[in-house]
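Only one structure is covered here, and it is reproduced in the block below.
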Amino acid sequence: MYGITKKDRKMIDKKIKGQKDFLQSFSMEIGDKQHSMLDSCYSANLNPKKYFAEMNNRVNSIFEYTKDAGLKPVFVTLTAPAKFHRKNKKGKLIIDPSDTAKALSKIWAKFLRLKIFKHMKTDTGHNLIYFRVYEPHKSGVPHMHAMLFLPNEYILKIKKRFYKYFSDFGTNKKAIDFKYTFYNKDDKGNLTGGAIAYIMKYITKTFSNEDSDTTDDAVYWYIKHRIRRFLSSRTLAPLILYRKIRHDFKNMENDYLYITKKYQIGQIQRLFNDTVFTINRFDPSTEEYDDVILYKKMILDPETPTTDAQEKAFLKYFELKLNRTFGKEYTEMNYNRLMPNYYVNYIEDDLEESQEDILYQIISDKQYDMKYPIYKQAQNISKPMIVTVDGIDAYSFSTIQDKFIPIIKVPSKMKDLQLLNYFRELGNTPVDKLNLHHYGLVKNECITRGLVQGEIVSLNDYNMEFNNV
Numbered sequence: 002m003y004g005i006t007k008k009d010r011k012m013i014d015k016k017i018k019g020q021k022d023f024l025q026s027f028s029m030e031i032g033d034k035q036h037s038m039l040d041s042c043y044s045a046n047l048n049p050k051k052y053f054a055e056m057n058n059r060v061n062s063i064f065e066y067t068k069d070a071g072l073k074p075v076f077v078t079l080t081a082p083a084k085f086h087r088k089n090k091k092g093k094l095i096i097d098p099s100d101t102a103k104a105l106s107k108i109w110a111k112f113l114r115l116k117i118f119k120h121m122k123t124d125t126g127h128n129l130i131y132f133r134v135y136e137p138h139k140s141g142v143p144h145m146h147a148m149l150f151l152p153n154e155y156i157l158k159i160k161k162r163f164y165k166y167f168s169d170f171g172t173n174k175k176a177i178d179f180k181y182t183f184y185n186k187d188d189k190g191n192l193t194g195g196a197i198a199y200i201m202k203y204i205t206k207t208f209s210n211e212d213s214d215t216t217d218d219a220v221y222w223y224i225k226h227r228i229r230r231f232l233s234s235r236t237l238a239p240l241i242l243y244r245k246i247r248h249d250f251k252n253m254e255n256d257y258l259y260i261t262k263k264y265q266i267g268q269i270q271r272l273f274n275d276t277v278f279t280i281n282r283f284d285p286s287t288e289e290y291d292d293v294i295l296y297k298k299m300i301l302d303p304e305t306p307t308t309d310a311q312e313k314a315f316l317k318y319f320e321l322k323l324n325r326t327f328g329k330e331y332t333e334m335n336y337n338r339l340m341p342n343y344y345v346n347y348i349e350d351d352l353e354e355s356q357e358d359i360l361y362q363i364i365s366d367k368q369y370d371m372k373y374p375i376y377k378q379a380q381n382i383s384k385p386m387i388v389t390v391d392g393i394d395a396y397s398f399s400t401i402q403d404k405f406i407p408i409i410k411v412p413s414k415m416k417d418l419q420l421l422n423y424f425r426e427l428g429n430t431p432v433d434k435l436n437l438h439h440y441g442l443v444k445n446e447c448i449t450r451g452l453v454q455g456e457i458v459s460l461n462d463y464n465m466e467f468n469n470v
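Going from the sequence shown to the working numbering is simple: count from 1 and add 1.
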């Protein structure tokens, strides 16, 4: 079924087992328990229970978010045109299902660029909110289900555009659906659930049964063709942020929605290429708002000696990478030659500079044949020294000019909360230490965003008389 053969099942089972074994070979102690890397994996194929729990949370959070916004759920189905269903003489699909899924995604993206959605954004203040899933026909050709969230007055307008647009795409009208009333029934015929239950019925089909050792062909289909199970609009906070800080909000009823709202108003921030996440919280002891670090990426210190356990872990990691790349027998025969070069090629893309220092030292100190040179050595990159005066003006030390130079804060680049706090700090600054033109620029930006009331004043009108501002 779904175009899956015995050969596909055997190959995929072997691949998944190898990936699981690889992740389970790395473990760490947290408290009194041992946790493998597989426990922390969010892959739908390797850890479906964890992935499904997170996805279920995302679905519920989107529903709560749209309910607060007064939007209504609409369920749509889109089937690929006839040309994507054609087969050759051997009964195989001429167009690969992965290409069909890409074609559906492409036409869906074009549909979302229609002017009616731009008008809706002007009226509601946000882009279209949706999530969608792919499901295979028995032939293996994918079709798409999506849940849209629309204002009442736009439902019929978009329905008309939907049928017109996808009929022109070549899809039979009977093969597309636009549904905005939901009547789900249980085994006894009683009405149950609603829009959430309706869409979850389709989503759960994409996962293997945890209580069974067998895997459904539909699951093999997703893996073989590398088709994503679940996609959504960028409505909620990014997953990279949520996964790192969710434990700080685990006692909240809807943690994802709470994090999203804090992120949208700028209270939660992503800093330094997502190596630091902070939240702006009120400190009752000082009666001020302070930035508290929720997550900071752990980077190994090159000046700290590595332990035997660290060395073994690093070397085992690279040995496994070599085995997966070249094969175990070839790796054992050519280990001394492969290890240094493979190490160099790998760290250039995947490791932090400080980790390179440690690994370079480990590799150099071991018994490997170093006639194959290490082509890249870690460089010591000095970070600029930054100081703040009176909590307002920040200066960075320039090694070229051998002096501190002021760091100019750009109001237009700040988040709302950060900008408002900065404006208040400027308001409490003595006039003789205040740059009035900069103050005017910050105030105008606050007025433009609706953070403070007032009229925008030309910067030319700002002078040294603070009372005239």
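Here a beta-carbon is modelled for each residue, glycine too, at the ideal position from N, C-alpha and C. This structure is a prediction, so every number in the text was calculated from the model and none was measured.
By a C-beta neighbour count over all protein chains shown, 10 Å radius and 16 as the cutoff for buried, is residue 361 buried or exposed?
Summary for residue 361: the model assigns pLDDT 45, below 50, so the residue's position carries little reliability; its value from the coordinates is reported in the next sentence. That one is buried.
Between the alpha carbons of residue 234 and residue 130, how many angstroms are there, rounded? Here the alpha carbons of residue 130 and residue 234 stand approximately 6 Å from one another.
Review point. Which one of 103, 246, 406, 412 has the shortest CA to CA distance from residue 232?
Key: Looking at 103, 246, 406, 412, the one whose alpha-carbon comes closest to that of residue 232 is 103.
- prompt: Considering only C-alpha positions, which residue in the set 239, 200, 196 is nearest to residue 264?
  reply: Per the Cα distances, 239.
Exposed or buried, which one is residue 198 when buried takes at least 16 other CB atoms within 10 Å?
When all chains shown are included, residue 198 counts as exposed.
Q | Supposed close pair residue 221, residue 9 - CB separation, criterion 8 Å | A | Between residue 221 and residue 9, the beta carbon gap of about 6 Å places them in contact (Cβ cut-off 8 Å).
Check your understanding: Taking the alpha helix (DSSP H) that residue 49 falls in, what are its first and last residues?
Key -> Per DSSP, the continuous alpha helix (DSSP H) segment holding residue 49 begins and ends at 49-69.
Cut-off 6 Å between Cβ atoms - residues of its own chain near residue 6, not counting five sequence neighbours on either side: If we look at residue 6 and ignore the five residues flanking it on each side, it has no Cβ neighbours.
Three-state secondary structure assigned by DSSP to residue 26 | Look at residue 26 here: in three-state DSSP terms it is coil, with no helix or strand label.
Note to self: Using only the alpha-carbon positions, how far apart do residue 462 and residue 297 sit?
What the structure shows: Approximately 44 Å between the Cα atoms of the pair.
query: What are the residues that DSSP puts in a beta bridge with residue 147?
result: Paired residues: 77, 133.
Quiz item: Cα separation between residue 283 and residue 270?
Solution: Spanning the two alpha carbons is a distance of roughly 15 Å.
Q) Does the segment 171-185 come close enough to the segment 72-79 to have 3 or more Cβ pairs within less than 8 Å? A) Touching, yes, given that three or more Cβ pairs across the two stretches are closer than 8 Å.
Please classify residue 157 as buried or exposed, where buried requires at least 16 neighbouring CB atoms within 10 angstroms. Looking at its Cβ environment, which holds fewer than 16 other Cβ atoms inside 10 Å, residue 157 is exposed.
Which same chain residues end up closer than 7 Å to residue 13 when comparing Cβ atoms and leaving out the 5 residues on each side of it in sequence? Result list for residue 13: 221, 224, 225, in chain order.
| query | Looking at the structure shown, is residue 125 part of a helix, part of a strand, or coil, going by DSSP? | reply | If DSSP states are grouped into helix, strand and coil, residue 125 belongs with the helices.
ask   = Nearest-angstrom Cα distance between residue 433 and residue 287?
value = If I take the Cα positions, the gap works out to 26 Å.
For this session: Output yes or no for whether 9 Å exceeds the beta carbon distance between residue 452 and residue 421.
Result: Cβ atoms of residue 452 and residue 421: closer than 9 Å.
Assign residue 101 to one of two classes, buried (16 or more other C-beta atoms within 10 Å of its C-beta) or exposed (fewer than that).
So residue 101 counts as buried.
For residue 170, the three-state DSSP class (helix, strand or coil)
Reduced to three states, the DSSP call for residue 170 is coil.
Check your understanding: Short check: CB of residue 219 to CB of residue 154, under 9 Å?
Key -> No.
Residue nearest to residue 163 in terms of C-alpha spacing, selected from 203, 108, 41: Its Cα nearest to that of residue 163, the residue 108 stands out among 203, 108, 41.
Practice problem: May I have the straight-line CA-CA distance separating residue 405 from residue 439, to the nearest angstrom? | Solution: The straight-line gap from Cα to Cα measures roughly 20 Å.
In three-state DSSP terms, what is residue 284?
-> Three-state result, residue 284: strand.
Pick from 292, 261, 242: whose alpha carbon is nearest that of residue 276?
-> Per the Cα distances, 242.
### Query
Roughly how far, in whole angstroms, is the beta-carbon of residue 245 from the beta-carbon of residue 278, given that I think they are within contact range, below 8 Å?
At roughly 6 Å, the Cβ-Cβ gap stays under 8 Å, so residue 245 and residue 278 are in contact.
Here's the rule: buried if 16 or more other CB atoms are within 10 angstroms of the residue's CB, otherwise exposed. What is residue 11? It is exposed - the Cβ of residue 11 has fewer than 16 other Cβ atoms within 10 Å.
- Item | Where residue 291 falls: helix, strand or coil (DSSP) | The answer is strand: DSSP assigns residue 291 an E or B state.
Self-check item: Cα-Cα separation between residue 99 and residue 65, rounded to whole angstroms
Solution: In a straight line, the C-alpha of residue 99 is about 32 Å away from that of residue 65.
Does the beta-carbon of residue 444 have 16 or more other beta-carbons within 10 angstroms, so that it is buried, or is it exposed?
Flag for residue 444 reads buried.
Assuming residue 60 and residue 253 form a contact by the criterion Cβ under 8 Å, report the distance between their Cβ atoms to the nearest whole angstrom. Taking 8 Å as the upper bound for CB-CB distance, residue 60 and residue 253 are not in contact here, some 17 Å apart.
Do you know how far the Cα of residue 236 is from the Cα of residue 258? Their backbone Cα atoms lie some 10 Å apart in a straight line.
Alpha carbon to alpha carbon, how far is residue 458 from residue 442?
-> Per the coordinates, the alpha-carbon of residue 458 lies some 9 Å from the alpha-carbon of residue 442.
TODO: Measure the C-alpha to C-alpha separation of residue 436 and residue 267 and round it to an integer number of angstroms.
DONE: Cα to Cα, residue 436 sits roughly 25 Å from residue 267.
What's the C-alpha gap between residue 28 and residue 41?
C-alpha separation (whole angstroms): 10 Å.
Open item on the list: Rounding to the nearest angstrom, what Cα-Cα distance links residue 138 and residue 408 in this structure?
Closed with: Looking at the backbone, the Cα of residue 138 and that of residue 408 are separated by about 59 Å.
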